[in-house]
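Before any comments, here is the structure.
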Amino acid sequence: MTFDAATKMKFLYALRSKGVTDAAVLTAMEKVDRADYVKGTFADRAYEDMPLPIACGQTISQPSVVGLMTQALQVSPRDKVLEIGTGSGYQAAILSKLARRVYTVDRYRRLVHAARAVFEAHDITNITTFTADGSHGFAEQAPFDRILLTAAAEDPPGPLLAQLRVGGIMVLPVGQSDAVQSLIRVKRLETGYDYDELRAVRFVPLLEGLGQE
Ligand code: SAH
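As structure tokens, this is what we get:
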């Protein structure tokens with residue numbers, strides 16, 4: 012299967028029916044071929060609206076969830092965005108179509124290298140990848156206009172809250188890893204933070220330290 016016009020139409024229709032209605036987000040998702048980020052046996056299911064396994068026991072998120080999270084993040088073209096949990100690189104590639112620059116981090120070196128290779132192959136030049144425990148954020152490049160976590164934390168990590176610009180937005184799943192989690196949006200105000208709960212989701216947990224691969 013290829014990401015041809017008919018496949019795209021079906022893919023975008025499925026996204027819209029799940030509530031992804033932001034035109035810029037849909038355009039970005041039309042530009043990024045999910046099959047490039049799903050390798051091996053599952054590649055032929057790339058255009059189905061379901062999470063799929065990737066290397067290191069991780070998953071590429073469900074496209075409609077990627078769309079809803081991206082939409083909730085309200086990215087604008089001048090934004091500097093930090094993503095925690097590169098995984099396959101699919102979410103970062105979509106962000107790269109909407110933002111000025113994307114920094115993306117994963118605790119598995121192997122995933123970071125694979126994602127970087129896909130970005131290079133597709134001439135995506137506004138993504139910086141690195142391997143680290145992303146719960147510490149990336150102080151050298153802070154503050155960020157937008158921060159997106161694609162792994163579930165029990166609470167929003169303090170360093171990430173601190174690295175969000177005043178007026179900035181962070182979207183993340185919170186809750187225990189083996190239970191239903193909530194997707195929340197945090198806005199940094201002049202004084203303090205404003206929290207709002209968006210929907211139930213299920214993500215892999217945000218883990219401490221580096222992965223072994
Ligand atoms: N955004 C990805 C899906 C990510 S799955 C995509 O589009 O494919 C969640 C990812 O978060 C996994 O790859 C996992 O290794 C990573 N992760 C978990 N805890 C982390 C941490 N503390 N720092 C960085 N990455 C982490």
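Numbering (my numbering), first residue to last: 12 to 224. Ideal Cβ positions, reconstructed from N, Cα and C, are used throughout, including at glycine.
Under 7 Å between the Cβ atoms of Arg199 and Leu209?
-> Mapped onto the sequence shown, residue 199 falls at position 188. Mapped onto the sequence shown, residue 209 falls at position 198. No, Cβ-Cβ distance for Arg199 and Leu209 is not below 7 Å.
Can you find a heavy atom of ligand 1 that lies under 6 Å from the Cβ of Gly68?
-> As a working note, residue 68 is residue 57 in the sequence shown. Checking every heavy atom of ligand 1 against the Cβ of Gly68, none is found closer than 6 Å.
Please name the residue, chosen from Gly186, Val123, Leu183 and Gln192, that lies closest to Ile65 on a Cα-to-Cα basis.
-> Numbered from 1 along the sequence shown, position 54 holds the residue referred to as residue 65. Selected option, being the one with the closest Cα: Val123.
Is the beta carbon of Ala57 less than 7 Å from the beta carbon of Ala46?
-> Translated into positions along the sequence shown, residue 57 becomes position 46. Translated into positions along the sequence shown, residue 46 becomes position 35. Yes, they are a contact pair.
Does the stretch 140–158 touch the stretch 114–129, meaning 3 or more C-beta pairs lie closer than 8 Å?
-> yes
For the stretch 31–98, which segments carrying the alpha helix (DSSP H) assignment without a break, of at least 4 residues, lie completely within its bounds, in sequence order?
-> Taking 4 residues as the minimum length, the alpha helix (DSSP H) runs contained wholly in the stretch 31–98 are 34–42 and 74–84, in order along the chain.
Span of the beta strand (DSSP E) around Ala104 = If you number the sequence shown from 1, residue 104 lands on position 93. That residue, Ala104, is in no beta strand (DSSP E); its alpha helix (DSSP H) goes Tyr101 to Leu109.
Would you verify that the beta carbon of Ala83 is, or is not, closer than 7 Å to some beta carbon of chain B?
-> No chain B appears in the structure shown, which is made up of a single protein chain.
Looking only at C-alpha atoms, which of Gln85, Val215, Glu94 and Gly220 sits nearest to Ala153?
-> To locate residue 153, count along the sequence shown from 1; it is residue 142. Cα-wise, what sits closest to Ala153 is Glu94.
State the CB to CB distance for the pair Val86 and Ala110, rounded to an integer number of angstroms; the pair is presumed to be in contact (CB under 8 Å).
-> One-based indexing of the sequence shown puts residue 86 at position 75. One-based indexing of the sequence shown puts residue 110 at position 99. Confirmed, about 5 Å.
Taking 6 Å as the cut-off, is the CB of Thr161 close to at least one heavy atom of ligand 1?
-> Start at 1 with the first residue of the sequence shown, and residue 161 comes out as number 150. At least one heavy atom of ligand 1 is nearer than 6 Å to the Cβ of Thr161, so yes.
Where DSSP assigns a beta bridge to Gln223, which residues make up the other side?
-> Taking the first residue of the sequence shown as position 1, residue 223 is located at position 212. Paired residues: none, contrary to the question.
How many angstroms separate the CA atom of Tyr24 from the CA atom of Ala150?
-> Position 13 of the sequence shown, counted from the start, is the residue given in the question as residue 24. Position 139 of the sequence shown, counted from the start, is the residue given in the question as residue 150. Approximately 39 Å, taken between the alpha carbons.
Please report how far the alpha carbon of Asp207 lies from the alpha carbon of Met181, in whole angstroms.
-> To locate residue 207, count along the sequence shown from 1; it is residue 196. To locate residue 181, count along the sequence shown from 1; it is residue 170. When rounded, the distance between both Cα atoms is 11 Å.
Whole-angstrom distance between Thr38 and Ala128, CA atom to CA atom | Locating residue 128 in the sequence shown gives position 117, where the first residue counts as 1. Locating residue 38 in the sequence shown gives position 27, where the first residue counts as 1. About 23 Å.
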